[in-house]
Structure formats: structure tokens, C-alpha cells
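Worksheet: the structure to be examined is printed underneath.
Numbering (UniProt numbering), first residue to last: 1 to 176.
As C-alpha cells, then:
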């Protein structure tokens, strides 16, 4: 990341020098490709925690299916980001003299946002039926459900981020 800050990361788009643009664009392209990996690992770790927490075979089957879904979808999203342009270098060169085709950045970001929202809700709702079956007082069950559901605070935030318009300086990896 220290290299990225030398070529404009963290700066306003208008402050990025023209000679920094090629390196900035290439680094932004690489960074957006790996940006979802922490999200995926976090969600996979939650599902792994659920697997250790609950011995119910049906719940475990749902967790295994969810793990497979997360691996497939996040791998797909990463590959779409990295190989969404033909030729691949069109993702960061933005040279109109080279014939190229790319997926649109808005399509990519909206698909990514929908996927993140769906998987966030899945992970938040998944343990609730198990918590309701515990042999505890209703007050204790509700307390556990509230504790497990604190992540719902994040879902509206992630939805609002999906509507933030991308500026060229922040979305250099995916052309219009």
C-alpha cells in the first residue's frame, strides 16, 4: 500500500498527477480484485463458527451449502473483476485507440452489492431458528437473538454504499 499512496491513493481524484494515472489505475485494478477476499473470509469464518456451535444435521447442511455458495460467488466476482475486459490491460490503460470490451463498472458493483447484502442477511438470519429452540427463558433467547442480530445495523450501511456513485478516480479498475 505504501506504493499506492505514492501514486495517489487516498488523495482526491483532481490531486492525482497525470503521470501517476497509469500506475494508479493498475494498482486500483489489482486492489479491487482482492477487496472482496476479506469479506468472504469473514463470512466463511462465521459459517465455520456456526458449524462448531450447532450439531443439528439440517443446520450443518445449510452451512455447508452456504460455504460452497460463498466460495463460488466470491471466486466468480473476483475473476469477473480481473478478467472483465478483453484485452485485460484495457481495465487500467483506458486507451481508446485499442479496441476493447469491458463489463460496465456499475453492473459489477451492483451485482457485488446485491450478493453482499444477500449473504449478510443469510448469515444474520441463519442462527435464529436454532436460538429459538434452546432450552432457555424467552428473555434469554431474545437476548441471544438481539446479540446475534447486531449485524443488521450493517446491512442498511452496505445498501447505502451500493448507491454511492463511483467517481473515475475511485473506480479506475473498471471502465465505463
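Glycine is no exception: its CB is placed at the ideal position from the N, C-alpha and C atoms. On a predicted model such as this, the values are computed, not experimentally measured, just so you know.
- request: Compare the Cα-Cα distances from residue 74 to each of 21, 108 and 99 and report the closest residue.
  value: Taking the chain shown and counting its residues from 1, the one referred to as residue 74 is at position 74. For residue 74, the nearest C-alpha among the options comes from 108.
query: DSSP on residue 25, reduced to helix/strand/coil?
result: One-based indexing of the chain shown puts residue 25 at position 25. Looking at residue 25 - three-state DSSP - the assignment turns out to be helix.
- prompt: Where does residue 15 sit, in a helix, a strand or coil, going by DSSP?
  reply: Along the chain shown, read from residue 1 onward, the residue named residue 15 stands at position 15. The answer is helix: DSSP assigns residue 15 an H, G or I state.
query: Between which two residues does the alpha helix (DSSP H) containing residue 150 stretch?
result: Walking along the chain shown from the start, residue 150 turns up at place 150. Counting along the chain, residue 150 falls outside any alpha helix (DSSP H), and DSSP gives it neither H nor E.
task: Closer than 8 Å by C-beta to residue 93: which residues in its own chain qualify, once you throw out the five before and the five after it? Chain order, please.
output: Within the chain shown, numbered from 1, the residue matching residue 93 stands at position 93. The residues are 22 and 25.
message: Using the three-state DSSP reduction, which class does residue 76 fall into: helix, strand or coil?
response: Taking the first residue of the chain shown as position 1, residue 76 is located at position 76. Looking at residue 76 - three-state DSSP - the assignment turns out to be helix.
query: Thinking C-alpha only, which one of 115, 128, 140 and 134 is nearest residue 40?
result: Residue numbering aside, residue 40 sits at position 40 when the chain shown is read from its first letter. The candidate whose alpha carbon is nearest that of residue 40 is 115.
- prompt: Where DSSP assigns a beta bridge to residue 137, which residues make up the other side?
  reply: As a working mapping, residue 137 is identified with position 137 in the chain shown. Bridge partners of residue 137: none, in fact.
field: 8 Å Cβ cutoff met for residue 63 and residue 51
entry: Residue numbering aside, residue 63 sits at position 63 when the chain shown is read from its first letter. Residue numbering aside, residue 51 sits at position 51 when the chain shown is read from its first letter. A contact, by the Cβ cut-off of 8 Å.
query: Whose CA, out of 7, 27, 16 and 66, lies closest to the CA of residue 124?
result: Here residue 124 refers to the residue found at position 124 when the chain shown is read from its first residue. Ranking the options by Cα distance to residue 124, first place goes to 66.
message: On a Cα-Cα basis, can you pick out the residue from 134, 34, 60 and 56 that is closest to residue 77?
response: Your numbering for residue 77 matches position 77 in the chain shown. Here the closest residue by C-alpha is 34.
Limits of the unbroken alpha helix (DSSP H) element including residue 126: Start at 1 with the first residue of the chain shown, and residue 126 comes out as number 126. No alpha helix (DSSP H) contains residue 126, which DSSP labels as neither H nor E.
Residues sharing a beta bridge with residue 5, DSSP: What you label residue 5 is simply residue 5 of the chain shown in a count that begins at 1. BP columns for residue 5 are empty, so no partner.
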